[in-house]
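Per this note's numbering, the very first residue in the sequence shown carries number 35; after that it's consecutive. For every residue, glycine included, the Cβ atom is placed at its ideal position computed from N, Cα and C. These notes are about the structure you will find just below.
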Amino acid sequence: MNDGSSERTRVVLLAAGQGKRMKSDLPKVLHEVLGKTILGRLLTASDELKPEHIHVVIGHEAEKVEKFIQDNPSATPVSTHLQKPQLGTGHALMQVAPSLKDFSGTLVVSVADTPLLTGGTLKALVDAHKKSNAVVSLLTTDVDDAKNYGRIVRNEKGDVTGIVEHKDATEAQRAIKEINPAIYCFAWPQVEAALSTLKNDNQQKEYYLTDVIGWAHKNSHKIAYSKVPDWREVAGINSRLELAEAMRLMRDITINNLALESGVTIVDTQGTWIAPEVKIGKDTVVLPGCHLTGEIEIGQNCTIGPNTVMKGVVHVGDNSSVAQSLVHNSDIGSNCKVGPFSHLREHTALHDHVKVGNFVEIKKSIINSKTNASHLSYIGDSTLGSGVNIGAGTITANYDHITKKKERTTICDGASTGSNSVLVAPVTLEEGSVVAAGTVVTKTVPKGSLAITRTPQKNYEGWAEERKKKAEAAKLEAAKKG
Ligand code: UD1
Ligand code: CA
35 MNDGSSERTR VVLLAAGQGK RMKSDLPKVL HEVLGKTILG RLLTASDELK
85 PEHIHVVIGH EAEKVEKFIQ DNPSATPVST HLQKPQLGTG HALMQVAPSL
135 KDFSGTLVVS VADTPLLTGG TLKALVDAHK KSNAVVSLLT TDVDDAKNYG
185 RIVRNEKGDV TGIVEHKDAT EAQRAIKEIN PAIYCFAWPQ VEAALSTLKN
235 DNQQKEYYLT DVIGWAHKNS HKIAYSKVPD WREVAGINSR LELAEAMRLM
285 RDITINNLAL ESGVTIVDTQ GTWIAPEVKI GKDTVVLPGC HLTGEIEIGQ
335 NCTIGPNTVM KGVVHVGDNS SVAQSLVHNS DIGSNCKVGP FSHLREHTAL
385 HDHVKVGNFV EIKKSIINSK TNASHLSYIG DSTLGSGVNI GAGTITANYD
435 HITKKKERTT ICDGASTGSN SVLVAPVTLE EGSVVAAGTV VTKTVPKGSL
485 AITRTPQKNY EGWAEERKKK AEAAKLEAAK KG
């Protein structure tokens, strides 16, 4: 019996396997599902249990998985445990056991190839476990096609008595439609005793974690279960096709929520890809062909798309439109117009009422309110004040190829640049200054002044007519010569 003495919870994620069927150099758990790795999604779902610690078992391409964990710190402390060689899921948990010496409580153990698993489903399992004071609890689900999943074996009373792997199952057992998603709760340290009883006398010569269920039954320990209504939520990803299927399902769930809960119009529910972490305000319309992945927040009454990609951390205020554009780790204020064909690269911030138009690229720049850059510009490493007008084809020359240094451009309130001007950084256009079309600016333009670097225009009267006559005469001459 679980003595129920503790509310302590820890999570173990099994991520050491190779994922052979993915046919990839990348470990399976580092493949992305709508902008976030499978492991990243499991760490987020695990965080929702507010555990004191998450243990990740790594093995195949361990350095890559370790690096991912270090680069993406989780809300919960995470430690990694090397499993080499990988002798099965039971053997994977054995690698963590020594680190659990001082732990007593609920140990949630999950495979790490189930990207659709939510914190809510994990909570339902933990609740079932605690409520029934079980020693071992598991998720189960019913499927039409049991594929290679482990089958849940029950006795005539309907009690779970064990799990049999597909490869070891009899024909009768293979007909069972209730399968094992491989997500469990163990009362710890009671269940530690099961690990030393695991044997590898099976088809795969592996130490199966699934045998812990049989151990619990044999030893008359209480077994609880929580059934997941839709099997797809706990589907394991074993191939690229299953990965694609997971993405489709995640998209469908997300779009349903946005449409039904948040009041968002999504014109093309199949041709729009939105990750579950994206938040969108009421009455915003998402047009076809958009890919929105990352920690994105879009306000109310916006129009996004068509064919717009947003990724990373992106904020958009209310009443803004972003058409046919690419936005990466940038902020867009309220009442802004972006696109068509704009590229906002990392660390760009547009304040309110800003207009960024056709073929404008902006990087690491702050653009204050009511400023326009409507056509064909590159603005990099710059600060623009408010009410600035950037003429078509204005370029900030921010990069010195020899020194590899980047310099800043500052354009103060109310300044304007003419078409085809080049601002060679570091440089400042002071308040209300004007840069004439075609000018190359290399030094400060003082407040209210005009900067112009053009050579004065000369007109040659009758030149075109004369040129034409000469050309015609030459043609006649050539014809005569035959
Ligand atoms: C496992 C279960 C099966 C269940 C299915 C659900 C066992 C024996 N079988 O089978 O009952 O229906 O998941 O998706 O547990 N791993 C390690 N170390 C190892 C082997 C695997 O860490 O030595 C990790 C893998 O990285 C993966 C997870 O465990 O994240 C599952 O491994 P996988 O080989 O996909 O198991 P399945 O055959 O799918
Ligand atoms: Ca699997």
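| Asked | Found |
| --- | --- |
| Gln-237 CB to nearest heavy atom of ligand 1 below 7 angstroms | no |
| Terminal residues of the alpha helix (DSSP H) in which Ile-289 lies | 274-294 |
| Backbone secondary structure at Phe-375 - three-state DSSP | coil |
| For Leu-83 and Thr-148, believed in contact at Cβ under 8 angstroms, the rounded distance | No, Thr-148 and Leu-83 are not in contact; Cβ-Cβ is about 15 angstroms, not under 8 angstroms. |
| Which of helix, strand or coil DSSP assigns to Ser-416 | strand |
| CB contact flag (Ser-133, His-115, <8 angstroms) | yes |
| Pick from Thr-462, Ser-467, Asn-454, Pro-460 that is closest to Thr-473, judged by C-alpha positions | Asn-454 |
| Alpha carbon of Pro-460 to alpha carbon of Val-422, nearest angstrom | 18 angstroms |
| Ile-72 Cβ short of 7 angstroms to ligand 4 heavy atom set | The model depicted lacks ligand 4 and carries ligand 1 and ligand 2 instead. |
| Candidates Asp-178, Asp-179, Arg-501, Ala-203: closest to Val-187 by CA position | Ala-203 |
| Distance between His-251 and Asp-37 (C-alpha atoms, nearest Å) | With a pLDDT of 45 at Asp-37, under the threshold of 50, the modelled position of that residue is not reliable, and the figure given next carries that caveat. In a straight line, the C-alpha of Asp-37 is about 18 angstroms away from that of His-251. |
| Neighbourhood of Glu-464 by C-beta distance below 8 angstroms, restricted to the same chain and skipping five residues each side | Cys-446, Ala-449, Thr-478, Val-479, Pro-480, Lys-481, Gly-482, Ser-483 |
| Contact under 8 angstroms by Cβ, Val-194 with Tyr-242 | no |
| beta-carbon Asp-81 near ligand 2 non-hydrogen atom, thresh 7 angstroms | no |
| Any non-hydrogen atom of ligand 2 closer than 7 angstroms to Asn-272 Cβ | yes |
| Cβ-heavy atom distance, Leu-48 to ligand 1, below 7 angstroms | yes |
| Bounding residues of the alpha helix (DSSP H) (the contiguous stretch that carries His-251) | 245-252 |
| Residue span of the beta strand (DSSP E) that contains Met-56, given as start and end | Careful: Met-56 lies outside any beta strand (DSSP E) and carries neither H nor E. |
| Alpha-carbon spacing of Asp-81 relative to Ala-227, whole angstroms | 27 angstroms |
| C-alpha gap between Thr-78 and Ile-429, whole angstroms | 42 angstroms |
| With 16 other Cβ atoms within 10 Å as the buried cut-off, status of Trp-222 | buried |
| Boundaries of the beta strand (DSSP E) in which Leu-463 is found, first to last residue | 461-463 |
| Cα-Cα separation between Asn-363 and Leu-229, rounded to whole angstroms | 46 angstroms |
| C-beta contact flag for Val-347 and Glu-329 at 8 angstroms | yes |
| Bounding residues of the alpha helix (DSSP H) (the contiguous stretch that carries Gly-154) | 153-165 |
| Reduced DSSP category for Ser-467 - H, G, I as helix; E, B as strand; rest coil | coil |
| At least three beta-carbon pairs within less than 8 angstroms, the stretch 160-167 to the stretch 117-125 | no |
| Inter-residue CB distance, Ala-49 and Ala-131 (contact presumed, cutoff 8 angstroms) | Going by Cβ atoms, the distance from Ala-49 to Ala-131 rounds to 17 angstroms, so no, they are not a contact pair. |
| Contact test: Val-225 Cβ vs ligand 2 heavy atom, cutoff 7 angstroms | no |
| Asp-147 beta carbon near ligand 1 (any heavy atom closer than 7 angstroms) | yes |
| Test item: CB-CB of Ser-355 and Lys-371 under 8 angstroms | yes |
| Start-end ranges of the beta strand (DSSP E) lying completely within the stretch 290-373, minimum 3 residues | 325-327, 330-332, 343-345, 348-350, 360-362 |
| Terminal residues of the alpha helix (DSSP H) in which Glu-226 lies | 226-229 |
| Which of helix, strand or coil DSSP assigns to Gly-124 | helix |
| Beta-carbon spacing of Ala-431, Lys-70 below 8 angstroms | no |
| Reduced DSSP category for Lys-200 - H, G, I as helix; E, B as strand; rest coil | The sequence shown places His at residue 200, not Lys. Helix at His-200. |
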